[in-house]
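One structure below.
As structure tokens, this is what we get:
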């Protein structure tokens with residue numbers, strides 16, 4: 001499996017060569033940060049430059065290709081003023097789920113409040129609800145079956161934030177979070193974890209569980 005520290009060393013060296021002092025920040029997100037990565041996991045990288053142009057994005061694409069594993073590369077690149085004016089509702093999730101490799105993310109993001117965090121949870125639940133309803137009605141059953149496992153991924157992130165809102169403790173891994181959740185939340189997170197490696201599953205059961213959990217969570221939020 002990929003050695004993430006070695007990968008990041010090469011990546012940061014190439015970023016410095018190409019952007020020089022314009023490079024402000026590099027961070028790691030996702031399953032590699034959480035220690036949950038496997039052979040097919042994405043490499044989630046966050047990069048901040050002093051400003052971001054289309055040419056900068058072209059250069060970044062070339063850097064990623066040179067580092068290798070380009071098919072697994074994903075993440076986020078932005079300019080300093082862009083991230084400083086970002087929606088504060090998303091900042092709690094961002095700072096808790098990003099590991100600093102070059103620079104400090106906290107120096108570039110806006111502050112967030114308890115109300116911002118509450119809004120983030122509501123928006124995430126609303127978006128999940130809309131996605132579930134829209135696809136169930138307008139797409140084929142085959143497409144619903146194909147897409148539901150990826151939709152379930154958002155459950156973990158929503159529950160991270162609900163738990164943080166309730167306890168003040170932001171938990172990074174699924175296994176640890178699972179041990180701290182009430183039964184109704186634990187059941188839906190278990191289903192999300194089960195779907196990661198299942199090629200076949202009972203769609204009606206898994207859809208109903210997620211839809212009903214989403215409805216109840218919206219009511220409680």
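Residue numbers (the UniProt record's numbering): 1 to 221. Ideal placement from N, C-alpha and C gives every residue a C-beta, glycine not left out.
> Tell me, which residues are paired with residue 73 by DSSP?
Replying inline: Residue 73 sits at position 73 when you count from the first residue of the chain shown. In DSSP, residue 73 forms a bridge with 43.
> In whole angstroms, what is the alpha-carbon distance linking residue 194 and residue 55?
Replying inline: To locate residue 194, count along the chain shown from 1; it is residue 194. To locate residue 55, count along the chain shown from 1; it is residue 55. Answer to the nearest angstrom: the Cα atoms are 42 Å apart.
>> Within 8 Å, do at least three Cβ pairs link the segment 183 to 198 to the segment 144 to 159?
In response: The answer is yes - the segment 183 to 198 touches the segment 144 to 159, with three or more Cβ pairs under 8 Å.
> What do you reckon, are the CB atoms on residue 25 and residue 103 nearer than 8 Å?
Replying inline: Numbered from 1 along the chain shown, position 25 holds the residue referred to as residue 25. Numbered from 1 along the chain shown, position 103 holds the residue referred to as residue 103. Here residue 25 is near residue 103, since their CB atoms are less than 8 Å apart.
> Between which two residues does the alpha helix (DSSP H) harbouring residue 26 extend?
Replying inline: The residue you call residue 26 lines up with position 26 of the chain shown. Element bounds for residue 26: not the alpha helix (DSSP H) but the beta strand (DSSP E), 23 to 29.
> How is residue 196 classed by DSSP in three states: helix, strand or coil?
Replying inline: Taking the chain shown and counting its residues from 1, one reaches residue 196 at position 196. Annotated three-state conformation of residue 196 is coil, per DSSP.
> Which of helix, strand or coil does DSSP assign to residue 201?
Replying inline: One-based indexing of the chain shown puts residue 201 at position 201. Coil.
>> Taking the alpha helix (DSSP H) that residue 82 belongs to, which residues open and close that run?
In response: For the purposes of this step, residue 82 is identified with residue 82 of the chain shown, where counting begins at 1. That run of the alpha helix (DSSP H) goes 80 to 84.
> Just reading off the beta strand (DSSP E) that residue 101 is part of, what are its end residues?
Replying inline: Translated into positions along the chain shown, residue 101 becomes position 101. Where residue 101 is concerned, the enclosing beta strand (DSSP E) stretches over 99 to 102.
>> Which same chain residues end up closer than 6 Å to residue 60 when comparing Cβ atoms and leaving out the 5 residues on each side of it in sequence?
In response: Taking the first residue of the chain shown as 1, we reach residue 60 at position 60. Cβ within range, chain order: 77.
> Can you give the Cα-Cα distance for residue 184 and residue 112, rounded to whole angstroms?
Replying inline: The residue given as residue 184 occupies position 184 in the chain shown. The residue given as residue 112 occupies position 112 in the chain shown. Taking the straight line from one Cα to the other gives about 29 Å.
> Are residue 23 and residue 11 closer than 8 Å when you measure CB to CB?
Replying inline: If you number the chain shown from 1, residue 23 lands on position 23. If you number the chain shown from 1, residue 11 lands on position 11. Their beta carbons are not under 8 Å apart, which means residue 23 does not touch residue 11 by this criterion.
>> Closer than 8 Å is the cut-off here; do at least three beta carbon pairs connect the segment 199 to 213 with the segment 136 to 149?
In response: Flag = yes, the segment 199 to 213 and the segment 136 to 149 touch.
> Between the Cα of residue 52 and the Cα atoms of 45, 19, 27, which residue gives the shortest distance?
Replying inline: For the purposes of this step, residue 52 is taken as residue 52 along the chain shown, with counting starting at 1. Sorting 45, 19, 27 by C-alpha distance to the C-alpha of residue 52 places 19 at the top.
> If we ignore side chains and look at the alpha-carbon of each, how far apart do residue 125 and residue 211 end up?
Replying inline: Along the chain shown, read from residue 1 onward, the residue named residue 125 stands at position 125. Along the chain shown, read from residue 1 onward, the residue named residue 211 stands at position 211. One C-alpha to the other measures close to 10 Å.
>> Rounded to whole angstroms, what is the Cα-Cα separation between residue 168 and residue 142?
In response: By 1-based counting over the chain shown, the position of residue 168 is 168. By 1-based counting over the chain shown, the position of residue 142 is 142. It is roughly 40 Å from the alpha-carbon of residue 168 to the alpha-carbon of residue 142.
> What number of angstroms, rounded off, separates the C-alpha of residue 21 from the C-alpha of residue 96?
Replying inline: Start at 1 with the first residue of the chain shown, and residue 21 comes out as number 21. Start at 1 with the first residue of the chain shown, and residue 96 comes out as number 96. Looking at the two C-alpha atoms, the distance is approximately 26 Å.
> Between residue 156 and residue 174, which are expected to be in contact by the criterion C-beta below 8 Å, what is the C-beta distance as a whole number of angstroms?
Replying inline: In the chain shown, the residue the question calls residue 156 occupies position 156. In the chain shown, the residue the question calls residue 174 occupies position 174. Between residue 174 and residue 156 the Cβ distance is about 6 Å, and since that is below 8 Å, they are a contact.
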